[in-house]
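Colleague:
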Amino acid sequence: MDSGALRKADPEYAANQLLGLVKTFFFWPEFLLGEKTKTNGIMQDCVAMFLSHYKTQ
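As structure tokens, this is what we get:
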């Protein structure tokens with residue numbers, strides 16, 4: 001955010017949003033259902049969604 005690559009926002013809030021996306025696909029399915037997530041592109045999608053909101057133009 002300080003470098004200008006990401007728009008100004010509360011860093012803790014933004015980090016929690018990204019972690020929430022990651023936990024949804026990687027932590028919770030294994031924790032609750034005992035199922036490992038197939039990782040085909042999921043992390044890239046999480047980062048892409050985060051950047052679509054926070055990346056500066």
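Per UniProt numbering, the sequence shown starts with residue 1, numbered consecutively. Using N, Cα and C, we set each Cβ at its ideal position, and we do this for glycine too. Computed from a prediction, not measured in an experiment: that's the story for all the values here.
1) Which residue's Cα is closest to the Cα of L32: K38, T24 and T39?
2) Give me the residue from D2, K38 and L18 with the minimum Cα distance to H53.
3) Roughly how many angstroms separate the alpha carbons of L6 and L51, rounded to a whole number?
4) Taking the alpha carbon of I42 as the reference point, which residue from M1, T56 and F27 has its own alpha carbon closest?
5) Where does the unbroken alpha helix (DSSP H) through Q57 begin, and where does it stop?
Modeller: Answer, in terms of the structure:
1) Of the candidates K38, T24 and T39, the one whose C-alpha sits nearest the C-alpha of L32 is T24.
2) Closest by alpha carbon: L18.
3) If you draw a straight line from the Cα of L6 to the Cα of L51, it is about 8 angstroms long.
4) It is F27 whose Cα lies nearest to the Cα of I42.
5) Per DSSP, Q57 lies in no alpha helix (DSSP H) segment and is marked neither H nor E.
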